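Working notes, structure below.
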Amino acid sequence: MMSDLNAQRATAGIGPLSPCGTLRAAAEGHSQDQANMDSMTHTGSNGSNIGQRADGAGYSGWQTLGENVAYGFTSVDSVMTAWMNSPGHRANILNPAFHDVGLGEAATASGVEYWTQEFGGSGHC
């Protein structure tokens, strides 16, 4: 998925995103939480928002954050196509203020996949 994100950004003349371990931890945790709840949401089961999840994972000093979530897609290509066809998700992917990204995916017991992208700018991974 990382190469897909950066290919979209390059096509738009925007610099690449760098993988960030702390944002990855936040994204993986949120995907697993959504899978556990079997519910797609930007709010964690504990009431957390993206800022609280980023802080909790150790992404410090950030100036801006963004989050894309999705469920039910069975491949990276299908979820990326959906996000790029959605104005809000596309805006996150192509936001030049974002420099860092973390990616997460988790499945329910019945196999429904939940996807999360956490974007950050000016933070410390």
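Terminal number for the sequence shown in our numbering: 210, no gaps in between.
In this text, a Cβ means the ideal position worked out from N, Cα and C, and glycines have one as well.
Just so you know, these numbers come straight off a predicted model, no measurement behind them.
Applying the criterion that 16 or more other CB atoms from any shown protein chain within 10 Å of the CB defines a buried residue, is residue i buried or exposed?
i	result
Met-165	buried
Asn-170	exposed
Ala-92	exposed
Asn-177	buried
Gln-119	buried
Within a Cβ cutoff of 7 Å, which residues of the same chain sit near residue i, ignoring the five residues on either side of it in sequence?
i	result
Trp-116	Just to set this straight, residue 116 is Ser in the shown sequence, not Trp. Cβ within range, chain order: Gly-189, Glu-190, Ala-191, Tyr-199, Trp-200, Thr-201.
Pro-104	Met-87, Val-186
Could you round the C-beta distance between residue i and residue j to whole angstroms and report it? I think they count as a contact, below 8 Å.
i	j	result
Gly-206	His-174	No, Gly-206 and His-174 are not in contact; Cβ-Cβ is about 17 Å, not under 8 Å.
Ile-135	Glu-113	With 8 Å as the limit, Ile-135 and Glu-113 do not qualify as a contact, their Cβ atoms being about 14 Å apart.
Leu-179	Ala-97	5 Å
Using C-beta distances below 6 Å, list every residue in its chain close to residue i, excluding the 5 sequence neighbours before and after it, in chain order.
i	result
Ala-142	Thr-107, Ala-110, Ala-111
Only counting the same chain, and skipping five residues up and downstream in sequence, which positions put a Cβ closer than 8 Å to that of residue i?
i	result
Arg-138	Ala-111, Gly-114, His-115, Gly-129, Glu-203
* **Any beta strand (DSSP E) of 3 or more consecutive residues that is wholly inside the segment 96 to 172** => 149 to 156
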